[in-house]
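Visitor: This is the structure I have questions about; it appears just below.
Number of protein chains: 2
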Amino acid sequence: MAQGDNRKVTLKDVSKASGLSLITVSRALRQPETVHADTRAKIQRTIDEIGYIPNLTARSLVSQRSDMIGVVVPILASSLFADFAQGVSHVLEPRKQQMLLAVSDWSPQKEEEAVRTFIARQADAIIVTGFSHTETTRKLLGKFAGPVVEAWNLRDRVMDCAVGFDNYAAAVDMTRYLIGRGYDNIVMVGGAAAHNDQAEDRTRGFIDAMRAAGRSVDADTIVEFDNPATLEGGVALLPKLMARKNPPDAIFFLAELPAHGAMMWCLSNGIDVPGEVAIAGFGDLSLSAILPVPMTTVQIKGRAIGETSAELVMARLEGVTDIPRTHDLGYHLQIREST
Amino acid sequence: MAQGDNRKVTLKDVSKASGLSLITVSRALRQPETVHADTRAKIQRTIDEIGYIPNLTARSLVSQRSDMIGVVVPILASSLFADFAQGVSHVLEPRKQQMLLAVSDWSPQKEEEAVRTFIARQADAIIVTGFSHTETTRKLLGKFAGPVVEAWNLRDRVMDCAVGFDNYAAAVDMTRYLIGRGYDNIVMVGGAAAHNDQAEDRTRGFIDAMRAAGRSVDADTIVEFDNPATLEGGVALLPKLMARKNPPDAIFFLAELPAHGAMMWCLSNGIDVPGEVAIAGFGDLSLSAILPVPMTTVQIKGRAIGETSAELVMARLEGVTDIPRTHDLGYHLQIREST
DNA sequence: TTTCCATTGACATACGAATATCATTGGCTC
DNA sequence: GAGCCAATGATATTCGTATGTCAATGGAAA
């Protein structure tokens with residue numbers, strides 16, 4: 064028996080220490096009804112004494128089931144993706160599934176590498192965020208026989224399953240709402256849309272709604288900055304926008320943190336919200352409701368997206384087949400005082 | 064060869080499809096210098112064609128190395144633990160290590176279950192947050208031969224390695240600072256200390272500093288609420304504290320989010336900060352610096368704790384032994400206008 | 001022609017859990 | 001005493017990758 068490392072204690076060690084055969088110990092653990100209660104008790108005592116923990120690696124090789132779920136998120140810190148990941152974890156944990164987590168930094172190549180690793184590790188299912196993937200990732204996932212969930216957006220073409228909400232429609236609705244409020248000079252602030260279908264769809268939703276309302280859209284209408292979206296980004300941007308010859312009377316941020324940054328800047332600099340400029344965000348982080356001027360935002364359910372994604376893959380893994388492959392968790396325009 | 068599932072494509076399939084022996088294919092992948100270049104090219108073409116991805120489960124059984132690191136965090140959403148986990152991930156990813164993530168919800172039992180699973184999955188190292196563990200967890204980690212890091216706090220008795228900062232000293236220093244500013248009625252607001260060594264040490268630091276300064280500490284001085292600490296918790300508490308017959312003139316929050324909530328409430332209700340009440344937090348989330356009244360707080364480096372923890376275990380796994388087992392990343396009193 | 005070396009292959013085995021199949025043993029019932 | 005059944009054991013093998021060791025082959029150099 065290996066000394067001092069519980070990872071190295073094997074069924075063989077239990078067999079020797081208990082004076083019973085290997086097959087009996089295995090039976091006691093896997094088919095207890097075939098082993099006498101006294102024998103089982105003796106085995107359990109031995110297991111407790113020598114600290115045997117089954118090697119799940121070896122088991123998964125035989126059973127063809129790893130009980131691991133791979134999850135890729137673009138970022139974790141200061142974002143709803145943390146809520147999402149926590150939601151996933153809370154569904155997996157009681158079912159004894161282990162989450163493999165990878166952070167892609169919005170890089171499709173890193174996502175690809177993560178997916179390849181999940182496959183190599185025999186993950187039973189894979190959850191990715193969004194629809195922007197490399198061609199290789201698509202191929203890998205296309206040949207992956209387990210459930211695949213693309214989360215955080217909805218599109219017609221889905222690799223397997225999708226859990227999210229319509230980013231395009233959400234942006235259309237918010238833009239329409241702002242137009243309906245009579246704002247003349249609406250500016251949209253978004254993250255880089257390249258490799259980010261969510262940002263792409265939100266941007267397109269904004270543009271389409273503006274054009275449908277006869278509004279012009281030019282370089283001054285859409286302001287773009289790099290991911291990730293930060294508070295500081297919003298703080299830095301606002302003075303520039305307000306210093307324009309023709310400043311905006313409404314700003315629609317396609318992410319929540321920069322909107323918070325903008326709100327802070329306005330509060331700190333005596334800019335009346337929504338009197339001088341209205342501000343709308345996207346995500347409804349907790350802070351939005353408790354700002355001195357509660358902020359209008361698109362409310363989405365990051366945690367629920369995680370939970371639903373995990374529930375969907377678990378159902379699929381348990382053999383349930385008559386479930387919808389697409390789950391629209393919707394969004395909600397949370398209208399507050401900032402607009 | 065298995066149809067349609069890239070997880071099922073084996074070395075044997077490559078051998079057959081290339082007309083070369085199993086051992087040659089294996090050699091080409093593992094000891095390329097022993098295989099002719101033309102042969103290697105042929106093998107690589109075959110691998111690309113049939114989509115072979117090595118089964119890391121089987122490999123780890125043989126190699127006795129899983130290249131997986133288990134990480135337990137108490138929560139992910141809206142907390143610096145997300146920064147921490149991201150920091151861990153960023154150090155592991157370039158080294159091709161896979162993070163196994165578990166969320167314990169501040170439950171030592173859940174932490175125990177996670178640790179047991181990491182051991183069963185042959186994780187090469189384990190990173191836990193804090194020093195509060197069940198006795199069983201201590202035993203499991205005591206018999207685990209890989210590196211173990213207890214992160215987010217520092218204490219004299221360490222199971223293996225520790226990466227964090229002195230929560231006790233940080234609270235002492237901030238309390239002393241507030242006392243030195245002349246605040247008469249300082250109230251501390253903290254999360255439940257049970258099973259949470261960080262909260263425990265912060266609370267003890269506050270109490271000790273108060274008593275050392277001849278200040279009384281009673282039920283009105285220390286306000287406790289359940290984990291996790293939320294914005295809404297701070298918003299709900301402030302009116303109660305300010306409605307006291309003898310309201311506090313300074314409030315020291317032992318976590319950052321409730322402090323933000325308190326700041327929002329004061330801003331919304333015309334309470335002058337720090338004129339009527341000073342507010343200090345613990346964590347220095349980004350928002351603290353950009354509030355209309357920038358907030359004083361204990362600055363800690365969540366992400367760096369993650370990175371350092373991961374770097375430490377990687378160094379240990381790579382055989383480096385002459386490295387400190389304890390890394391004090393320190394803290395910093397970030398004094399701003401709220402006090 | 002002989003020797004040496006690079007390359008490939010055959011064979012056996014390891015890692016640890018799981019299990020199919022047949023055999024053995026003891027106790028109980030008829 | 002025979003038959004049956006519960007319980008345990010022996011044997012062989014699987015899962016997929018890795019590797020030690022020896023054998024075989026072809027090509028090049030001396």
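First to last, the sequence lines map onto chains A and B. Counting from 64, one number per residue, gives the positions in the first sequence under our numbering. Counting from 64, one number per residue, gives the positions in the second sequence under our numbering. Backbone N, C-alpha and C define an ideal beta-carbon position, used for all residues, glycine too.
State the CB to CB distance for the pair I116/A and I182/B, rounded to an integer number of angstroms; the pair is presumed to be in contact (CB under 8 Å).
Guide: As a working note, residue 116/A is residue 53 in the first sequence. As a working note, residue 182/B is residue 119 in the second sequence. Contact flag correct, Cβ pair sits at about 5 Å.
Visitor: Could you tell me which residues DSSP pairs with Q107/B in its beta bridges?
Guide: Position 44 of the second sequence, counted from the start, is the residue given in the question as residue 107/B. In the DSSP output, where bridge partners are listed per residue, Q107/B has none listed.
Visitor: Just by C-beta distance, which residues in the region 328-357 of chain B are closer than 7 Å to chain A?
Guide: The residues in question are L330, S331, S349, L350, I353, L354, P355.
Visitor: Assign D289/B to one of two classes, buried (16 or more other C-beta atoms within 10 Å of its C-beta) or exposed (fewer than that).
Guide: Start at 1 with the first residue of the second sequence, and residue 289/B comes out as number 226. The residue in question, D289/B, is exposed, as its Cβ has fewer than 16 Cβ neighbours within 10 Å.
Visitor: Kindly list, in the order they appear in chain B, the residues whose Cβ is closer than 9 Å to that of L203/A.
Guide: Locating residue 203/A in the first sequence gives position 140, where the first residue counts as 1. Correct list: N69, G114, I116.
Visitor: For R128/B, I'd like the list of residues in its chain whose CB is within less than 8 Å of its CB, leaving aside the five on either flank, ordered along the chain.
Guide: As a working mapping, residue 128/B is identified with position 65 in the second sequence. Counting only Cβ-Cβ distances below 8 Å, and skipping sequence neighbours, we find D187.
Visitor: Beta-carbon within less than 6 Å of P291/B's beta-carbon, same chain only, minus the 5 sequence neighbours each way: which residues are those?
Guide: Within the second sequence, the letter at position 228 stands for residue 291/B. So the list reads I138, once near-sequence residues are dropped.
Visitor: Expressed to the nearest angstrom, what Euclidean distance is found between the alpha-carbon atoms of W215/B and R278/A?
Guide: In the second sequence, the residue the question calls residue 215/B occupies position 152. In the first sequence, the residue the question calls residue 278/A occupies position 215. Spanning the two alpha carbons is a distance of roughly 52 Å.
Visitor: Identify which residue in A257/B, A322/B, A341/B, L301/B has its Cα closest to the Cα of D312/B.
Guide: Along the second sequence, one-based indexing puts residue 312/B at 249. Checking every option, the nearest Cα to that of D312/B belongs to A341/B.
Visitor: Have a look at E370/B and D101/A and give me their C-alpha separation to the nearest angstrom.
Guide: Taking the first residue of the second sequence as position 1, residue 370/B is located at position 307. Taking the first residue of the first sequence as position 1, residue 101/A is located at position 38. Their Cα atoms are separated by approximately 50 Å.
Visitor: Between V77/A and T389/A, what straight-line distance do the alpha-carbon atoms span, to the nearest angstrom?
Guide: Position 14 of the first sequence holds residue 77/A. Position 326 of the first sequence holds residue 389/A. Cα to Cα, V77/A sits roughly 47 Å from T389/A.
Visitor: Can you tell me where the alpha helix (DSSP H) with T197/A in it begins and where it stops?
Guide: Here residue 197/A refers to the residue found at position 134 of the first sequence. Counting along the chain, T197/A falls outside any alpha helix (DSSP H), and DSSP gives it neither H nor E.
Visitor: May I ask you to list, following chain order, the residues of the region 291-317 of chain B that have a beta carbon less than 8 Å from some beta carbon of chain A?
Guide: Result list: T293, L294, E295, V298.
Visitor: Counting along the chain, where does the alpha helix (DSSP H) carrying D44/A start and finish?
Guide: Any property of residue 44/A remains undetermined from this structure, which presents chain A solely from 64 to 402.
Visitor: If you draw a straight line from the C-alpha of D146/B to the C-alpha of V98/A, how long is it?
Guide: Looking up residue 146/B in the second sequence gives position 83. Looking up residue 98/A in the first sequence gives position 35. Looking at the two C-alpha atoms, the distance is approximately 49 Å.
Visitor: What do you get for A65/B, buried or exposed, if any count of 16 or more other CB atoms within 10 angstroms of its CB means buried?
Guide: Position 2 of the second sequence, counting from 1, holds the residue named residue 65/B. Its pLDDT being 42, under 50, A65/B is placed unreliably by the model, and the measurement read from it follows with that caveat. With fewer than 16 Cβ atoms within 10 Å of its Cβ, A65/B is classed as exposed.
Visitor: Under 7 Å Cβ-Cβ, which residues of chain B neighbour R244/A?
Guide: Working through the first sequence from its first residue, we reach residue 244/A at position 181. Result: empty, since nearest Cβ-Cβ is about 23 Å, beyond 7 Å.
Visitor: Where does G365/B sit, in a helix, a strand or coil, going by DSSP?
Guide: Position 302 of the second sequence, counted from the start, is the residue given in the question as residue 365/B. G365/B falls in the helix class under three-state DSSP.
Visitor: Cβ closer than 8 Å: which chain B residues qualify as neighbours of S123/A?
Guide: For the purposes of this step, residue 123/A is taken as residue 60 along the first sequence, with counting starting at 1. Result: T120.
Visitor: If you count every other CB in all the chains shown that lies within 10 Å of the CB of Y394/A, and 16 or more means buried, which is it?
Guide: As a first step, residue 394/A is located in the first sequence; it is residue number 331 there, counting from the start. Buried, by the Cβ-count rule.
Visitor: By the three-class DSSP mapping on this structure, what secondary structure does S165/B have?
Guide: Numbered from 1 along the second sequence, position 102 holds the residue referred to as residue 165/B. One detail in the question is off: residue 165/B reads as Ala in this sequence, not Ser. A165/B: strand per DSSP, three-state reduction.
Visitor: Taking R220/A as the reference, give the member of F207/A, S195/A, A208/A with the closest Cα.
Guide: Within the first sequence, numbered from 1, the residue matching residue 220/A stands at position 157. The candidate whose alpha carbon is nearest that of R220/A is S195/A.
Visitor: Thinking C-beta only, is R239/B closer than 7 Å to A262/B?
Guide: By one-based count along the second sequence, residue 262/B stands at place 199. By one-based count along the second sequence, residue 239/B stands at place 176. No.
Visitor: Does any residue of chain A have a CB that is nearer than 7 Å to the CB of K206/B?
Guide: As a working note, residue 206/B is residue 143 in the second sequence. Yes, K206/B counts as interfacial toward chain A.
Visitor: Leaving out five residues before and five after P357/A in sequence, what residues of the same chain have Cβ atoms less than 6 Å from its Cβ?
Guide: Counting from 1 along the first sequence, the entry for residue 357/A is found at position 294. Correct list, in chain order: R399, E400.
Visitor: Looking at the unbroken beta strand (DSSP E) that takes in L396/A, where does it start and where does it end?
Guide: Taking the first residue of the first sequence as 1, we reach residue 396/A at position 333. Taken as a continuous stretch (DSSP letters only), the beta strand (DSSP E) holding L396/A covers 395-397.
Visitor: Hey, does V211/B have any beta-carbon neighbour from chain A nearer than 7 Å?
Guide: For the purposes of this step, residue 211/B is identified with residue 148 of the second sequence, where counting begins at 1. No, V211/B lies away from the interface with chain A (no Cβ there is under 7 Å from its Cβ).
Visitor: Relative to the alpha-carbon of S349/B, which residue among S89/A, T293/A, V336/A has its alpha-carbon at the smallest distance?
Guide: Looking up residue 349/B in the second sequence gives position 286. Checking every option, the nearest Cα to that of S349/B belongs to T293/A.
Visitor: If I measure Cβ to Cβ from R379/A and keep anything under 6 Å in the same chain, skipping five residues before and after, which residues do I get?
Guide: Taking the first sequence and counting its residues from 1, one reaches residue 379/A at position 316. Result list for R379/A: P210, in chain order.
Visitor: Starting from Q149/B, find everything on chain A with Cβ-Cβ shorter than 8 Å and list it in chain order.
Guide: If you number the second sequence from 1, residue 149/B lands on position 86. Those within 8 Å of Q149/B in chain A are I138, L139, A140, V166.
Visitor: If I'm right that M251/A touches F315/A with Cβ under 8 Å, what's the distance once you round it to whole angstroms?
Guide: Reading the first sequence from its first residue, position 188 is the one you call residue 251/A. Reading the first sequence from its first residue, position 252 is the one you call residue 315/A. About 5 Å; that satisfies the 8 Å criterion.
Visitor: Is there a Cβ from chain A that is less than 7 Å from the Cβ of A183/B?
Guide: Residue mapping note: residue 183/B aligns to position 120 of the second sequence, counting from 1. It does: the Cβ of A183/B has a partner Cβ on chain A nearer than 7 Å.
Visitor: Run through DSSP, which three-state label would G205/A get?
Guide: As a position in the first sequence, residue 205/A is number 142, starting the count at 1. Residue state, collapsed to three classes: helix.
Visitor: So, helix, strand or coil for H99/A, using DSSP?
Guide: Along the first sequence, one-based indexing puts residue 99/A at 36. Three-state result, H99/A: coil.
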